[in-house]
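Visitor: Can you keep this structure in mind? I'll have questions shortly.
Numbering (the working numbering), first residue to last: 29 to 296.
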């Protein structure tokens, strides 16, 4: 018996998914995965990633929250492939705008992902627009720098790492993003609270915020923005997964987007 052309019998998830999805933090995708099945991390991935993993599964997809940054994204993508052997790899999460039109709540299915660190460019299976993957959480000055250097539309952190792993394994790749912060929105110094494994140290950040009242408004806005962007991202991912489930050849545009025309990757 097969599902999406992959046998159901053997090691790995109970149902082999069509799409393997990598994101940094569960909060970015929680509206999507809140009712998905949770599977503890398989032992073979423990040493590679360095911290416990939890896979979230639906009938047609498996998702791993692997941590923040290039190295975390790369490890997570490898872990998803090892565990689920998907037919398609998706880098997803919240992103920052690098152009005035890329504002809170807009979503993108990118045609291209650029690695800030190496300059390498990766083509997605389909989409429009360009994501540049920063090696740090991009605050306002960094966003302006990236916009100037790469002429990209939005900035993320893990997209290029996931794309690199997909290319190495011969898998088609998508980058699905939702905008949380506009180009001029100044984030708090979040990078200071990311540990070596790519995990965000929420308790340390909360304590820091208590003692820095000038950031209270920005922190409150950040929470509201994250929640709204996560809802928009979940809606976009549901469409991607539905398209994946109705098209057995992930290298071709999925039916869910054939009618999107010029608006593909630029929904509000």
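Just so you know, even glycine gets a beta-carbon here, dropped at the ideal spot from N, CA and C. From a predicted model like this one, the values you see are computed outputs, not experimental measurements.
Do residue 178 and residue 160 have their beta-carbon atoms positioned less than 7 angstroms apart in this structure?
Guide: A contact, by the Cβ cut-off of 7 angstroms.
Visitor: Under 6 angstroms Cβ to Cβ from residue 86, same chain only, skipping five residues before and after it: list those, please.
Guide: So the qualifying residues of the chain are 64.
Visitor: In the DSSP assignment, find the beta strand (DSSP E) that holds residue 161 and state where it starts and stops.
Guide: It spans 158-161 - the beta strand (DSSP E) in which residue 161 sits, taken as one unbroken run.
Visitor: Among residues of its own chain, excluding the 5 on either side of residue 246, which ones have a beta-carbon nearer than 7 angstroms to its beta-carbon?
Guide: Correct list, in chain order: 214, 216.
Visitor: Examine the Cβ distances between the region 260-267 and the region 221-238 and report whether three or more of them are shorter than 8 angstroms.
Guide: No: the two stretches stay apart, fewer than three of their Cβ pairs being nearer than 8 angstroms.
Visitor: On a CA-only basis, which of 82, 134, 194 is nearest residue 150? Give me that one, please.
Guide: It is 194.
Visitor: Less than 8 angstroms between C-beta atoms, sequence neighbours within five positions excluded: which residues of the same chain meet that for residue 165?
Guide: Only 96, 185, 215, 218, 219, 222 meet the Cβ criterion.
Visitor: To the nearest angstrom, report how far apart residue 152 and residue 61 are at their CA atoms.
Guide: Near 24 angstroms, if we compare the C-alpha coordinates of residue 61 and residue 152.
Visitor: Is the region 45-57 in contact with the region 100-116, if contact means three or more CB pairs nearer than 8 angstroms?
Guide: The region 45-57 is in contact with the region 100-116.
Visitor: Grab the span of the alpha helix (DSSP H) containing residue 171 for me, first residue to last.
Guide: Taken as a continuous stretch (DSSP letters only), the alpha helix (DSSP H) holding residue 171 covers 168-178.
Visitor: Considering only residues of the same chain and omitting the five flanking positions on each side of residue 127, which have a CB-CB separation below 6 angstroms?
Guide: 181.
Visitor: Any idea if residue 235 is buried or exposed, counting beta-carbon neighbours within 10 angstroms, 16 or more meaning buried?
Guide: Exposed, since its Cβ has fewer than 16 Cβ neighbours within 10 Å.
Visitor: Can you give the beta carbon distance from residue 107 to residue 92, rounded, assuming they're within the 8 angstroms contact cut?
Guide: Going by Cβ atoms, the distance from residue 107 to residue 92 rounds to 6 angstroms, so yes, they are a contact pair.
Visitor: Taking just the CA atoms, how far does residue 155 sit from residue 209?
Guide: Distance between the alpha carbons of residue 209 and residue 155: 21 angstroms.
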